[in-house]
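Asker: The UniProt record's numbering puts the first residue of the sequence shown at 1, with every later residue one more than the last. Here you go, one structure.
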Amino acid sequence: MASGGVILSNSFSFYQKRIVMSSRMQEKNGGASIPHVLSVAGSDSGAGAGIQADLKACAARGVYCSTVITSVTAQNTVGVQAVHAVPEDFVAQQLKSVLSDMQVDVVKTGMLPSVGVVKVLLQSLTEFSVRALVVDPVMVSTSGDVLAGPSILSTFREELLPMANIVTPNIKEASALLGGIRLETVADMRNAAELLHALGPRNVLVKGGDLPDSLDAVDIFFNGEHFYELRSSRIKTRNTHGTGCTLASCIAAELAKGSSMLTAVRVAKRYVETALEYSKDILIGNGIQGPFDHLLRLKSGSQSFHRKDAFNPSDLFLYAVTDSGMNKKWGRSMVDAVAAAIQGGATIVQLREKDAETRDFLETAKSCLAVCRSHGVPLLINDRVDVALASDADGVHVGQSDMPASVARTLLGPEKIIGVSCKTIEQAQQAWIGGADYIGCGGVYSTNTKANNPTVGLDGLKTVCSASKLPVVAIGGINTSNAGTVMEMGLPNLKGVAVVSALFDRENVLAETKKLHALLMEASSSKIQ
Ligand SMILES: Cc1ncc(COP(=O)(O)OP(=O)(O)O)c(N)n1
Ligand SMILES: Cc1ncsc1CCOP(=O)(O)O
Ligand SMILES: [Mg+2]
Numbered sequence: 001m002a003s004g005g006v007i008l009s010n011s012f013s014f015y016q017k018r019i020v021m022s023s024r025m026q027e028k029n030g031g032a033s034i035p036h037v038l039s040v041a042g043s044d045s046g047a048g049a050g051i052q053a054d055l056k057a058c059a060a061r062g063v064y065c066s067t068v069i070t071s072v073t074a075q076n077t078v079g080v081q082a083v084h085a086v087p088e089d090f091v092a093q094q095l096k097s098v099l100s101d102m103q104v105d106v107v108k109t110g111m112l113p114s115v116g117v118v119k120v121l122l123q124s125l126t127e128f129s130v131r132a133l134v135v136d137p138v139m140v141s142t143s144g145d146v147l148a149g150p151s152i153l154s155t156f157r158e159e160l161l162p163m164a165n166i167v168t169p170n171i172k173e174a175s176a177l178l179g180g181i182r183l184e185t186v187a188d189m190r191n192a193a194e195l196l197h198a199l200g201p202r203n204v205l206v207k208g209g210d211l212p213d214s215l216d217a218v219d220i221f222f223n224g225e226h227f228y229e230l231r232s233s234r235i236k237t238r239n240t241h242g243t244g245c246t247l248a249s250c251i252a253a254e255l256a257k258g259s260s261m262l263t264a265v266r267v268a269k270r271y272v273e274t275a276l277e278y279s280k281d282i283l284i285g286n287g288i289q290g291p292f293d294h295l296l297r298l299k300s301g302s303q304s305f306h307r308k309d310a311f312n313p314s315d316l317f318l319y320a321v322t323d324s325g326m327n328k329k330w331g332r333s334m335v336d337a338v339a340a341a342i343q344g345g346a347t348i349v350q351l352r353e354k355d356a357e358t359r360d361f362l363e364t365a366k367s368c369l370a371v372c373r374s375h376g377v378p379l380l381i382n383d384r385v386d387v388a389l390a391s392d393a394d395g396v397h398v399g400q401s402d403m404p405a406s407v408a409r410t411l412l413g414p415e416k417i418i419g420v421s422c423k424t425i426e427q428a429q430q431a432w433i434g435g436a437d438y439i440g441c442g443g444v445y446s447t448n449t450k451a452n453n454p455t456v457g458l459d460g461l462k463t464v465c466s467a468s469k470l471p472v473v474a475i476g477g478i479n480t481s482n483a484g485t486v487m488e489m490g491l492p493n494l495k496g497v498a499v500v501s502a503l504f505d506r507e508n509v510l511a512e513t514k515k516l517h518a519l520l521m522e523a524s525s526s527k528i529q
C-alpha cells in the first residue's frame with residue numbers, strides 16, 4: 001500500500017485528534033459542524049474556473065467551502081490576460097487563518113503557482129490535521145495559458161503527490177508529470193495512472209476528456225489495486241471552462257460528506273455531466289470556451305426561470321385538473337385534452353395521475369409541458385415533487401397527506417409554484433408558513449372524482465377564504481350549474497375554480513371549457529359592479 005495521503009483513513013492518531021477537537025468545538029459552540037472543504041487555488045475573474053468554480057461546486061453539493069487564494073488571474077472566456085501571484089507569506093497567512101480556526105475536512109488544491117506556495121501548503125498540512133487532500137494538478141488553463149511552470153513539476157512529483165489521497169490530472173497534466181510521455185489511447189491512460197500511483201498518491205483519476213477520436217469521455221480511476229474505466233457520453237458544448245476544478249471540488253465535497261473515494265469520483269462525474277448538459281446552450285462571454293452553470297438554474301428555454309412573476313394568483317381563474325381515466329373513456333390523449341382545455345380558456349393545468357407508472361407520468365408531463373409552455377399556461381404536477389423536478393414543470397399541488405409544502409419548497413426552489421389542499425384555517429396558516437403560493441379548498445360540493453373526501457360546503461370555503469393569507473381556488477363538484485354561485489359570493493382571496501369532471505368527463509373538452517370560462521367571466525364582472 002502506498003504511504004501517501006495526508007491522513008490515512010484508518011489512522012488512529014488522526015481520529016483521536018479529530019474526536020477531541022470536534023467534541024471540544026461542540027462543547028464551546030453547542031452546534032453541529034458541517035462538511036467543510038478548503039480550496040487552495042487561484043482566482044478566475046470570469047468565475048468559470050478556479051476559486052469561484054470551487055465555491056459554486058461545493059455550494060451545489062451542500063458543503064461549506066473556505067478559500068486560500070494563491071494567485072489572482074485576469075481571465076475571461078477568451079483566455080488569461082494577466083496573472084498576479086499572491087506572496088507566499090500571505091498564502092501562509094491565509095492558510096493559518098482558516099486552519100487554526102475552522103474544522104476543515106478536506107483540502108482541495110488547484111493553481112499552485114510556485115514551489116514556495118507548495119511548500120507553504122505542505123507545512124500547514126503538517127501542523128493542522130485534515131481528512132484528505134485532493135490534488136488537481138493545474139498547469140495549463142483550458143485556453144492553453146500556462147498557470148504553473150515546468151520548474152514546479154519535480155515538487156509536485158516528489159512532495160505534493162505523495163501526500164495526496166487523489167490526484168486528478170487531465171491527459172496533458174498526466175503527461176507532463178510523467179516526463180512528457182505520449183498519451184493517446186485508453187491503454188496509455190491506464191499505464192499513466194499506474195505510473196502516477198507509484199509516485200505516492202493513494203488514488204489516481206486520469207481524465208480522458210481531451211483524448212482524440214472518442215465518442216465517449218473516458219476517465220481511468222486506479223486505486224492501486226483495481227482499474228475502473230468510467231465512461232460517459234461526450235456532451236457537445238462550448239461551456240466546459242472550469243470542469244477540472246469543479247470535478248476535483250466535487251470529489252472533495254463528497255469525501256467531506258463521508259463518501260468512499262470511488263463513490264465520490266462517480267458522484268462528481270455525474271454532477272459535472274448533469275451541469276454541462278443543463279447549461280450546454282447558455283451564452284456567457286465571446287470566447288471559444290464559456291463557463292457552465294453549477295447551480296443548474298440558467299438553462300435556456302426554461303420558462304419557469306424566465307417567468308417575470310413566480311406566480312400570478314389570477315392564473316387560478318379556471319384551473320383544469322386532469323384525469324387520465326376520463327380522457328381514456330372519451331378516447332383522447334392527455335396532451336389533446338390539455339390542449340383543448342387551454343384553447344377553451346383554462347388558465348392553469350394540473351396533471352393528476354393517480355395510477356400511472358412513474359416513467360409514463362414523466363413522459364406525459366414533458367409532453368403536456370410543451371403544450372402549456374407554448375401557450376404561457378403554467379403546468380403543475382399533482383403529488384409528485386420528483387416528477388415536477390424531472391420534467392421542469394412549473395410546480396406541484398400537494399395535499400395534507402403528501403409532502404409538506406416546506407419540504408417541497410426546499411426541493412423545488414423559490415421560483416416554482418406550490419399549491420396545498422386545505423379544509424381548515426389551521427391548514428391554511430400552515431401552508432402559508434410552509435412557503436406555498438396558493439391553497440385549494442374543498443370539496444365544496446360532493447363529487448365522484450375523489451373518494452373519501454368530506455365536503456366543506458360553501459360555509460367551509462368562506463371560513464378558509466376569510467382567514468387565508470394566500471390566494472384560494474375552490475374545488476370539488478364544481479360545474480357550469482354552480483360555478484356562478486361560488487364566484488358571486490365575492491369571497492376574499494377566492495381567485496377561481498378548479499375542475500376535473502366538468503371539463504374532462506365530457507365529450508367535448510373545448511366546448512365545456514369555453515362555457516365554464518364564459519360563465520366565470522360573467523360572474524366576476526357582476527361581482528365588480
Ligand atoms: C387545486 C387543487 N386543490 C385540491 C386538490 C386535492 O389535492 P389532495 O388533497 O392532495 O388530493 P389529490 O388530488 O392528490 O387526490 C387538488 N388536486 N388540486
Ligand atoms: C381532487 C379533488 N380534491 C378535492 S375535490 C377533488 C375532485 C374534484 O373533481 P371534480 O371537479 O370532478 O369534482
Ligand atoms: Mg395529493
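Ideal Cβ placement from N, Cα and C applies to all residues, glycine included.
Buried or exposed: residue 251, going by 16 or more other Cβ atoms within 10 Å of its Cβ?
Answerer: buried
Asker: Considering only residues of the same chain and omitting the five flanking positions on each side of residue 223, which have a CB-CB separation below 6 angstroms?
Answerer: The residues 203, in chain order, have a CB closer than 6 angstroms to that of residue 223 in the same chain once the five nearest residues on each side in sequence are set aside.
Asker: Sort out for me which residues DSSP pairs residue 421 with in a bridge.
Answerer: 440
Asker: Identify which residue in 504, 55, 98 and 138 has its Cα closest to the Cα of residue 329.
Answerer: 504
Asker: Would you give the residue range spanned by the beta strand (DSSP E) that residue 109 belongs to?
Answerer: 106 to 109
Asker: Any idea what DSSP makes of residue 231, helix, strand or coil?
Answerer: strand
Asker: List, from N- to C-terminal side, the alpha helix (DSSP H) runs of 4 residues or more that fit wholly inside the region 445 to 483.
Answerer: Counting whole runs of 4 or more residues, the region 445 to 483 contains the alpha helix (DSSP H) stretches 457 to 467.
Asker: Could you give the DSSP three-state label for residue 307: helix, strand or coil?
Answerer: With a pLDDT of only 43 at residue 307, under the threshold of 50, the placement of this residue in the model should not be trusted; the figure read from the coordinates follows. DSSP places residue 307 in coil when its eight states are reduced to three.
Asker: Helix, strand or coil, according to DSSP, for residue 514 in the structure here?
Answerer: helix
Asker: Rank 399, 414 and 335 by C-alpha distance to the C-alpha of residue 389 and give the top, closest one.
Answerer: Answer by Cα proximity: 414.
Asker: Per DSSP, residue 172 is paired with what?
Answerer: Per DSSP, none; premise fails for residue 172.
Asker: If contacts are defined as beta-carbon pairs under 8 angstroms, then residue 105 and residue 40 qualify, I think. What distance do you get, rounded to the angstrom?
Answerer: With 8 angstroms as the limit, residue 105 and residue 40 do not qualify as a contact, their Cβ atoms being about 14 angstroms apart.
Asker: How should residue 78 be labelled, buried or exposed, when 16 other C-beta atoms within 10 angstroms of its C-beta is the threshold for buried?
Answerer: Its Cβ having fewer than 16 others within 10 Å, residue 78 is exposed.
Asker: Quick one: give me the first and last residue of the alpha helix (DSSP H) that residue 246 is part of.
Answerer: 243 to 257
Asker: According to the Cβ coordinates, are residue 53 and residue 245 closer than 7 angstroms?
Answerer: yes
Asker: Give the range of the beta strand (DSSP E) segment to which residue 382 is assigned.
Answerer: 379 to 382
Asker: By DSSP, does residue 536 sit in helix, in strand, or in coil?
Answerer: With the chain represented from 1 up to 529, any question about residue 536 goes unanswered, as that position is not in the structure.
Asker: Kindly indicate which residue of 433, 351 and 120 has the alpha-carbon position closest to the one of residue 382.
Answerer: If you compare the alpha carbons of 433, 351 and 120 with that of residue 382, the shortest gap goes to 351.
Asker: Any idea what DSSP makes of residue 509, helix, strand or coil?
Answerer: helix
Asker: For residue 32, is the classification buried or exposed, using 16 other Cβ atoms within 10 angstroms of its Cβ as the cut-off for buried?
Answerer: exposed
Asker: Residues in the same chain with beta-carbon distance under 7 angstroms from residue 70, minus the five sequence neighbours each way, listed in chain order, please.
Answerer: 40, 41, 42, 86, 91, 111, 112, 113 and 117
Asker: Going by DSSP in three states, residue 294 sits in which element: helix, strand or coil?
Answerer: coil
Asker: Starting from the N-terminal side, write out each stretch of the alpha helix (DSSP H) that is 4 residues or longer and does not extend beyond the region 172 to 226.
Answerer: 186 to 197
Asker: For the alpha helix (DSSP H) containing residue 494, list its first residue and its last residue.
Answerer: That residue, residue 494, is in no alpha helix (DSSP H); its beta strand (DSSP E) goes 494 to 499.
Asker: Does the region 438 to 446 come close enough to the region 458 to 471 that 3 or more CB-CB pairs lie under 8 angstroms?
Answerer: yes
Asker: Quick check on this structure: which residue in 187, 220 and 197 has the alpha carbon closest to the alpha carbon of residue 206?
Answerer: 220
Asker: Hey, would you say residue 338 sits closer than 7 angstroms to residue 349, going by beta carbons?
Answerer: Yes, the pair counts as a contact, with Cβ atoms nearer than the cut-off.
Asker: Mind checking residue 137: buried by the 16 CB within 10 Å criterion, or exposed?
Answerer: Buried.
Asker: Is residue 447 near ligand 2, judged by its Cβ being under 6 angstroms from some heavy atom?
Answerer: yes
Asker: Less than 6 angstroms between the CB of residue 423 and some heavy atom of ligand 2, yes or no?
Answerer: no
Asker: With respect to 6 angstroms, is the separation between the Cβ of residue 402 and the closest non-hydrogen atom of ligand 3 below this value?
Answerer: At least one heavy atom of ligand 3 is found less than 6 angstroms from the C-beta of residue 402.
Asker: With DSSP run on the structure shown, which of helix, strand or coil describes residue 400?
Answerer: coil
Asker: State the Cα-Cα distance for the pair residue 67 and residue 192, rounded to the nearest angstrom.
Answerer: Near 31 angstroms, if we compare the C-alpha coordinates of residue 192 and residue 67.
Asker: Which residue's Cα is closest to the Cα of residue 131: 123, 317 and 255?
Answerer: 255
Asker: Counting only the same chain and skipping the five closest in sequence on each side, list residues whose C-beta sits under 6 angstroms from that of residue 361.
Answerer: 353 and 387
Asker: Should residue 450 be counted as a contact of ligand 2 given a C-beta to heavy atom distance under 6 angstroms?
Answerer: yes
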